[in-house]
Every structure is written in structure tokens, then in C-alpha cells.
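There are 2 protein chains.
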Amino acid sequence: MPTSKDVAQAAGVAQSTVSYVLSGKRPISEKTRKKVEDAIQQLTYQPNAGARALASRKTRVIGLVIPFIPELHMASIMEFVSVIANTARLYDHDILLVTEDEGAPGLKRVVGQQICDGLILMQVEGDDERLPVVRSLNVPVVLIGIPHDPSGLVCIDADFEMAGEQCVQDLAAAGHSVISVIGWQPEVVERHVNYVERFMSGTDKAAQDAGVRVLHLPGGTDRDVIATSVDKALAETTGVPAFIAPDGTVQDVLRRVLNNRGLTPGVDVSVIGSASPTLAELQPIPLSTIDLRPAEVSRRAVKIICDLLEAENHGPHESLELVPTVITHRSSTLRPPHGS
Amino acid sequence: MPTSKDVAQAAGVAQSTVSYVLSGKRPISEKTRKKVEDAIQQLTYQPNAGARALASRKTRVIGLVIPFIPELHMASIMEFVSVIANTARLYDHDILLVTEDEGAPGLKRVVGQQICDGLILMQVEGDDERLPVVRSLNVPVVLIGIPHDPSGLVCIDADFEMAGEQCVQDLAAAGHSVISVIGWQPEVVERHVNYVERFMSGTDKAAQDAGVRVLHLPGGTDRDVIATSVDKALAETTGVPAFIAPDGTVQDVLRRVLNNRGLTPGVDVSVIGSASPTLAELQPIPLSTIDLRPAEVSRRAVKIICDLLEAENHGPHESLELVPTVITHRSSTLRPPHGS
DNA sequence: ACGCATCGTCGATACGCATCGATAAATCGA
DNA sequence: TCGATTTATCGATGCGTATCGACGATGCGT
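Given below as C-alpha cells:
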């Protein structure tokens with residue numbers, strides 16, 4: 015492997031000059047710049063990351079703490095991971111995986127060993143055990159998810175409250191008077207994942223404004239649980255029933271249960287699910303969706319942490335950013351009556 | 015951040031002694047070892063990764079190249095990623111994410127900058143464009159998947175041929191004379207992903223031995239495609255129909271299509287799918303499965319690369335490891351007649 | 001023509017650790 | 001008791017880069 019010294023020698027300049035050509039932190043004449051760049055090309059020189067980190071005290075690596083809980087929708091986690099990694103590259107950073115198995119000590123490790131300049135935590139829970147550690151780390155950390163007490167933390171998430179409002183407003187406008195939310199798995203709810211509560215608060219607020227009733231029923235992947243929830247909803251509903259399934263894992267099961275009951279989405283029942291546009295279009299009946307915009311959340315998380323890393327002001331920061339959700343009509347919901 | 019010099023000072027020894035305590039590469043008296051370890055505790059010292067990498071020429075980081083193709087079953091990709099990351103920690107290594115978007119230049123980058131000591135490539139295709147680059151990199155690389163020409167490469171994968179054989183043998187023993195494979199998505203097949211061919215070769219070999227017929231039909235996530243495949247299969251089948259759905263994305267759709275046709279798995283049709291044991295049990299009718307053992311493949315991939323890294327003999331290696339698959343009867347297949 | 005600022009480059013040093021050779025201390029045999 | 005080993009520790013050096021101070025060369029105004 016060639017070093018910057020080799021490049022310097024080949025170009026007939028000092029090693030420091032090579033460094034300045036690369037960083038641009040001092041003016042370099044066009045002539046020597048050319049010589050150096052040619053030498054870099056010919057030697058296929060690439061700076062050594064370890065040495066760079068040692069000298070500059072920056073690794074240009076971001077730690078990404080990923081959850082791996084069977085209850086979660088792994089496909090959507092994967093979308094976060096992928097977009098985060100690609101976005102980080104745009105900022106000339108790399109992503110180091112930190113699995114949740116390592117817990118809080120894992121965070122201390124990667125930061126303490128200075129493998130990472132900062133962290134992104136996914137799937138932050140309402141009362142996450144890692145928060146005290148996060149606050150004590152002297153590096154930028156961005157949380158995806160809003161804990162109960164976000165003081166001193168930098169958080170970003172989809173605006174679940176807005177999502178809840180949009181769903182209910184939309185179904186109310188379509189004429190539904192009772193709207194059932196088939197929610198997340200009990201495991202997720204018990205974990206006090208904050209977004210569940212935020213979504214509910216949104217639905218309830220909108221329900222009050224619109225004068226409709228909202229039922230909150232248990233969801234999950236268990237067909238029986240969902241079937242029970244659906245039957246309860248149907249029993250309580252007057253008029254055309256409406257369902258909201260904000261969890262990706264729920265909607266497949268829900269669709270089948272409704273099918274069993276002889277209900278066709280868009281005809282004698284309304285369904286709003288949560289899926290990417292492409293996936294929604296692929297459904298037998300194109301699914302009206304509330305888009306929680308995981309890609310946008312991911313991109314912003316990376317931008318935030320890179321900005322913090324650049325700012326260099328490593329004092330504790332605090333911010334809270336909510337990404338607006340988007341509701342999209344397809345064929346699984348009733349059309350609102352004209353003029354309303 | 016304390017350095018090893020700080021530790022040395024606190025313990026009243028030389029910095030090199032601290033280093034030897036940590037590495038164990040020279041004998042240290044019990045007394046000074048104790049002093050040093052106490053100092054490490056009190057200062058919460060953690061060695062600086064950059065400096066360590068610079069001095070030792072080892073980063074203890076493995077690059078993991080992940081695919082992100084909508085056609086793939088993201089949930090299972092995620093299982094690979096998670097198990098790989100956790101296993102790497104057992105060998106005291108970390109995982110750096112390299113997205114496929116970076117392509118071959120990305121591999122050169124992470125290796126050239128010496129961010130990584132080695133690479134694991136997932137979802138290697140039959141004629142992968144990255145193979146020439148992989149061969150030219152002077153670091154250990156483990157491929158998950160078997161390319162057409164595996165010479166000079168280290169590969170590991172599930173034994174898809176065995177999987178195909180097991181499925182067909184099993185269904186033949188249960189009395190089926192025509193067996194239909196609802197395969198992968200056309201996009202996957204066209205990509206010449208080698209495991210498709212290996213699976214087919216296994217089914218065909220077993221079919222010949224058992225004297226049964228195997229139909230290969232297109233799969234995917236598109237309901238219509240699968241419905242067409244199912245109807246074609248039913249038309250060609252004499253006796254009780256049997257289906258094999260080796261792709262995780264296919265089986266959900268398949269189940270619904272069969273349901274629509276009034277066919278109940280385990281009663282008037284046999285179905286073998288591919289899913290983790292937990293997921294298989296959760297199905298309405300517990301699914302008989304061919305387990306491709308992604309976790310075991312992941313663990314072995316990490317072990318192989320860590321062994322190579324330790325061996326230090328960075329000359330080109332070559333090996334090919336196939337992980338045996340496991341077929342498990344649950345309720346979605348017919349029981350074989352007694353005595354056979 | 002002379003001092004002065006500006007520009008472009010160089011040399012030296014620090015970053016934190018691993019490792020090698022050397023040395024002092026302890027152990028042993030005769 | 002003295003040299004020959006072995007054992008435990010130290011000091012010095014190198015890894016490859018970033019960065020600071022210094023310095024010669026150039027251009028400017030007067």
C-alpha cells in the first residue's frame with residue numbers, strides 16, 4: 015500500500031504538501047497540485063483511515079444501533095438501514111453496525127474506543143434504558159423515535175400524531191362514523207414505544223373534532239387476535255366499517271380476515287394500511303396508505319448527525335424533528351361524497 | 015479520553031508494560047498486572063482504535079456488503095445481517111456496512127483505506143461483476159452464494175441442491191407423483207443467482223430417482239403470476255397436488271391462492287415452504303418447511319473470515335462450504351403412508 | 001530600490017499504540 | 001560465591017497522517 019510519503023516522493027514534494035492538496039486547507043499552486051494528483055493516480059493512493067483518525071481525531075464513521083426483535087417488521091428496518099448507509103456515504107461517512115444485543119455497554123465501547131464519531135439509535139423506546147448512557151457520551155447521538163423525556167437529546171421520527179389525525183379525518187370525511195384502529199403487537203405496545211401513544215393521540219383528537227368514534231383494538235401477527243379485533247369492531251360499528259392498520263405486519267393478516275368475512279376493501283369496508291407506495295400498488299386491491307416515510311426519516315437523521323459532527327461544538331444539543339406523514343388514496347377506501 | 019500513557023503513569027509503569035498487559039504477548043508479574051488493571055478500571059481506559067490499527071495494521075473490522083433489492087426477502091436479509099454482526103462480536107470484530115450501491119469501487123475503497131481487514135459479500139450472483147475485484151484485493155473475502163466460477167474464492171451457502179432433493183424425496187414418499195416448484199421471482203432468476211439452478215438440479219435429480227415428475231413454474235410476489243402457475247400445476251397434476259415454495263416472498267401469496275381454489279394444505283394439497291421454525295409455527299396451518307439455515311450460514315461465514323484473518327497467510331485461498339438444509343414436517347404436507 | 005505583506009512549500013512534531021532490543025533483577029547450577 | 005540463564009520491565013522507534021511554524025520567493029506600493 016502506498017503512503018502519502020510515497021506520493022510526495024513521486025511528485026517531488028513534501029509529504030505535507032500532499033496532505034494539503036488532499037484537504038485543501040492551504041493554497042497550492044496549480045502546477046504542484048497537478049503533479050501530486052498525477053502521482054496519486056499512478057500509485058492508486060488511498061489515505062490510511064487509521065492514521066487519519068489518529069491525527070485528525072475523526073473516524074468519519076457513524077455507529078448505527080439496530081434492533082432485531084422478531085415482532086418488528088424487519089423489511090422496514092432494513093429500509094432504514096439501507097437508506098442510512100447510502101446517505102452517510104453522501105456525507106463521506108461510513109456506517110458501523112452496533113447490534114442491540116450489546117446494549118448500553120456496546121455504545122460505550124464503540125465511542126470509548128473511538129471507532130465512531132457519533133451514533134444513530136433506531137427504535138428508541140419511551141423509557142429506553144440506554145438514554146442515561148447516551149446523555150453521558152460526549153459525542154453526537156441522533157435518536158430515531160421520541161422517548162418520554164427527550165430533554166438533552168436529539169430526536170427525529172415520523173409525525174405519528176399527524177398520521178393518526180390524517181387517517182381519521184380522511185375516513186370521517188368519507189362518511190365513516192366508527193373507525194377501528196388495529197394497532198401494534200402487544201409486545202410493542204408494552205414496550206412503551208412512544209409512537210403508539212402518539213398515533214392514538216392523533217386519532218382521538220381528530221375523532222373529537224370530526225365527531226366520530228375511534229376504537230383501539232389489539233393487533234399483531236396472530237391471526238386469532240386480529241380476527242377477534244375485527245369481529246369486535248364489526249359488532250360496534252354502525253354503517254360501513256373502517257379500519258386503520260398502521261403496522262406493516264398487521265395489514266396482511268387483516269386483509270385475509272376481512273376477506274374471510276366477505277368484506278371487500280373499497281366496497282363495503284375501508285382500509286388504510288402502512289406500506290411503501292410500490293408495495294401498496296402491488297396489493298390485489300391497491301391499498302390506501304398512511305406513509306410514515308422511513309426513507310425521509312433516515313435521510314434526515316444522517317443529515318442531522320453529520321451537521322453536528324461538522325459543527326464540532328460537542329456540547330449537549332437538543333432538538334426534536336417530526337417528519338410529516340402522507341396519506342394516499344388508492345382503492346381500499348371509500349370515496350368521500352362529492353362536495354365535502 | 016485517557017491513553018495508555020495515562021494508565022502507565024497511574025500504575026507507575028512504562029507505557030509498553032500496559033500494552034503487554036493488554037495483549038499478553040510478554041510475561042507480566044502478578045503484581046504489576048494488578049496495578050495496571052486497577053489503573054485501567056479507575057480511568058475507564060479503552061484503547062484507541064485508530065492508533066491500534068495504525069500500529070498493528072489490523073482494524074478488527076469486517077466489511078459486510080449488503081444487497082438492497084426490492085425483489086429479495088428483506089426480512090431474511092436482515093437475519094443474515096443481525097447474526098453476522100453478533101457473531102463478529104464473539105470474535106472481537108465489528109461490522110462495517112457497505113451498500114451494494116457502491117459496487118466494486120466501494121470494495122476497493124474500504125479495503126484501500128484500510129477501514130476493513132476483510133469482507134463478506136452477501137447475495138453473490140452467478141456471474142457477479144465484483145468477482146474480478148474480489149480476486150485482486152489482497153484481503154480475505156468470504157462470499158455467501160456460489161458464483162459460476164468459484165476458483166480462487168472462498169464461498170459458503172446453504173446446500174440448495176440438497177434442499178431440492180429433500181423436498182422432492184419427501185413429497186414423493188408421501189405419494190405425490192407430480193410436484194410443482196413455484197420458484198423465485200423472474201428478476202431473481204434472470205440475475206443468474208446460482209442457487210436457483212442448484213435447487214432445480216436437486217429437485218430434478220431426486221425426481222428421476224423417485225420416478226416422479228417435477229414442474230418448474232414462475233413465482234414472485236405478483237398474485238396473478240402465482241395464480242397462473244398454480245392453475246397450470248393443477249391442470250398437469252394427477253392425484254393430490256404438491257407445491258414447493260422455496261422463496262419466502264412466495265409462500266404467503268401461494269397460500270392465499272390455494273385457499274381461493276378451495277384447497278387446504280395438509281388435506282387435499284401438500285405445501286413445503288421456506289421459513290424459520292417460529293414463523294412456520296405461526297401460520298394458520300403450521301407449515302412444513304425446508305430450512306435454509308441462514309443463521310448457520312451467517313455464523314460460518316464469520317468464522318471462516320475470522321480464521322483467515324488470524325491465519326495471516328494472506329495468499330489467495332479457495333474453499334467451498336455447503337450448509338446442510340433441514341426439512342421439517344408440520345401440518346401442511348400429507349403424511350407418508352405407513353411402511354414406506 | 002527597499003521594506004512589507006502574500007503565497008506556496010517544507011520540515012518537524014504529535015496523535016496513541018505495538019513491538020523490538022536492551023537492561024536490571026531474580027534464579028539456578030556447580 | 002560467581003557466571004549463565006531466565007524473567008520482568010523499560011526506553012525507543014515506527015505506523016501514516018494532519019497541522020503548525022518557518023522560510024524563501026514573489027508582488028506590491030512608495
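Line order of the protein sequences matches chains A and B.
15 is the number of the first residue of the first sequence in this note's numbering; add one for each residue after it.
15 is the number of the first residue of the second sequence in this note's numbering; add one for each residue after it.
We put the beta carbon where it would ideally sit given N, CA and C, even for glycine.
Candidates the options: which alpha carbon is nearest residue i's?
i	options	result
residue 75(A)	312(A), 227(A), 129(A)	129(A)
residue 261(B)	219(B), 253(B), 197(B), 252(B)	197(B)
residue 202(B)	81(B), 314(B), 66(B), 46(B)	81(B)
residue 168(A)	347(A), 321(A), 342(A), 343(A)	321(A)
residue 291(A)	323(A), 277(A), 341(A)	341(A)
residue 116(A)	144(A), 92(A), 49(A)	144(A)
residue 265(B)	151(B), 287(B), 325(B), 249(B)	287(B)
residue 72(A)	325(A), 332(A), 218(A)	325(A)
residue 238(A)	21(A), 267(A), 343(A), 66(A)	267(A)
residue 7(A)	27(A), 24(A), 277(A), 57(A)	As displayed, chain A neither begins before 15 nor continues past 354, which places residue 7(A) out of reach and without an answer.
residue 293(B)	39(B), 54(B), 20(B), 93(B)	93(B)
residue 24(A)	37(A), 55(A), 42(A), 44(A)	55(A)
residue 277(B)	309(B), 141(B), 295(B), 241(B)	241(B)
residue 170(B)	329(B), 253(B), 22(B), 309(B)	309(B)
residue 319(A)	105(A), 164(A), 113(A)	105(A)
residue 176(B)	119(B), 66(B), 59(B), 218(B)	218(B)
residue 330(B)	152(B), 164(B), 272(B), 44(B)	152(B)
Taking the Cβ atom as the reference point for each residue, do residue i and residue j lie within a distance shorter than 8 Å?
i	j	result
residue 227(B)	residue 174(B)	no
residue 257(A)	residue 345(A)	no
residue 121(B)	residue 157(B)	no
residue 131(A)	residue 110(B)	no
residue 243(A)	residue 231(A)	yes
residue 63(A)	residue 127(B)	yes
residue 229(A)	residue 284(A)	no
residue 279(B)	residue 299(B)	yes
residue 98(A)	residue 312(A)	yes
residue 101(B)	residue 192(B)	no
residue 47(A)	residue 35(A)	yes
residue 270(A)	residue 270(B)	yes
residue 249(A)	residue 233(A)	no
residue 314(B)	residue 335(B)	yes
residue 77(B)	residue 148(B)	no
residue 166(B)	residue 350(B)	no
residue 39(B)	residue 29(B)	no
residue 89(B)	residue 89(A)	yes
residue 301(A)	residue 235(B)	no
residue 79(B)	residue 114(B)	yes
For residue i, which residues in the same chain have their Cβ closer than 8 Å to its Cβ, ignoring the five residues on either side in sequence?
i	result
residue 139(A)	159, 161, 205, 206, 207, 208
residue 87(B)	261, 262, 263
residue 27(A)	46, 49, 50
residue 52(B)	25
Can you find the residues in the same chain that come closer than 7 Å, C-beta to C-beta, to residue i, ignoring five residues on each side of it along the sequence?
i	result
residue 323(B)	131, 132, 154
residue 224(B)	182, 183, 186
residue 307(A)	172, 337, 339, 340
residue 22(B)	28, 29, 31, 32
For residue i, does the count of other Cβ atoms within 10 angstroms reach 16, so buried, or fall short, so exposed?
i	result
residue 255(A)	buried
residue 245(B)	exposed
residue 179(B)	buried
residue 49(A)	buried
residue 83(B)	exposed
residue 142(A)	buried
residue 137(B)	buried
residue 96(B)	buried
residue 281(A)	exposed
residue 199(A)	buried
Going along the chain, which residues of its own chain have a beta-carbon closer than 6 Å to the beta-carbon of residue i, five neighbours each way excluded?
i	result
residue 220(B)	179, 182, 183
residue 316(A)	98, 101, 102
Which runs of the alpha helix (DSSP H), 4 residues or longer, sit entirely within the stretch 243-306 of chain B?
Taken in chain order, the complete alpha helix (DSSP H) segments of 4 residues or longer contained in the stretch 243-306 of chain B are 262-274, 291-296.
At what residue ranges does the stretch 157-181 of chain A contain a whole run of the beta strand (DSSP E), taking only runs of 3 or more?
168-172
4-residue-minimum alpha helix (DSSP H) runs that sit fully inside the stretch 100-153 of chain A, ordered along the chain:
117-126, 145-150
Could you tell me which whole alpha helix (DSSP H) segments of length 4 or greater appear in the stretch 208-240 of chain A?
Runs of the alpha helix (DSSP H) inside the stretch 208-240 of chain A: 208-224.
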